[in-house]
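Residues 2 to 116 (my numbering) are what the sequence shown spells out, left to right.
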Amino acid sequence: MNRYQSSAATFLFASIVVAVTATTYASEEGPAYVCEHAGSVRVISVEYVNPPSSVPCRVVYEKTNENRVEHPWRARNERGYCEEKAEFLANKLSRMGWQCDAIEEEPKRQKVSTD
Numbered sequence: 002m003n004r005y006q007s008s009a010a011t012f013l014f015a016s017i018v019v020a021v022t023a024t025t026y027a028s029e030e031g032p033a034y035v036c037e038h039a040g041s042v043r044v045i046s047v048e049y050v051n052p053p054s055s056v057p058c059r060v061v062y063e064k065t066n067e068n069r070v071e072h073p074w075r076a077r078n079e080r081g082y083c084e085e086k087a088e089f090l091a092n093k094l095s096r097m098g099w100q101c102d103a104i105e106e107e108p109k110r111q112k113v114s115t116d
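If you want it as structure tokens, here you go:
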């Protein structure tokens, strides 16, 4: 296997992992923020695994212009942790010059696995 085949195989594997993770962790969403600066947009949201319970949860940080999604924080037992961290990140971006606003969305009503 040459260098290019190895890179293609690695890319394919990573793409499959991302796709599987995204589909198994889709869940009800909690608080969300949209932050904008110099044409860039960031979306910060909280996802819940077992609605209506607020744990487990994770913070979702989307860099829309870069097509990147990160999950900087997760909680299994501590209620309010993800909401606190999402607000912390929005406030941090605001201090750096971003314009952040809380948004209201209709939650997704789907139970998911905790993988």
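Beta carbons: idealized from backbone N, C-alpha and C, even for Gly.
The model shown is predicted, which means the values in this text are computed figures rather than measured ones.
Please go through the same chain and pick out, in chain order, the residues whose beta-carbon is closer than 8 Å to the beta-carbon of residue i, but skip the five residues on each side of it.
{"i": "V47", "result": "E30, G31, P32, A33, C58, R59, V60, V61, C83, E84, A87"}
{"i": "N66", "result": "G40, S41, V42"}
{"i": "S95", "result": "C36, C101"}
{"i": "R69", "result": "E63"}
Give the C-beta separation of residue i and residue j to the nearest angstrom, bearing in mind that I take them to be a contact with Cβ-Cβ under 8 Å.
{"i": "V56", "j": "N78", "result": "6 Å"}
On the CB-based measure, 16 or more other CB atoms within 10 Å of its CB, does residue i come out buried or exposed?
{"i": "A103", "result": "exposed"}
Inspect the beta-carbon positions of residue i and residue j and report whether they are closer than 8 Å.
{"i": "A91", "j": "I45", "result": "yes"}
Using C-beta distances below 7 Å, list every residue in its chain close to residue i, excluding the 5 sequence neighbours before and after it, in chain order.
{"i": "E71", "result": "Y62"}
**Message:** Give the list of continuous alpha helix (DSSP H) stretches no shorter than 4 residues that lie fully inside the stretch 56 to 96.
**Reply:** 82 to 96
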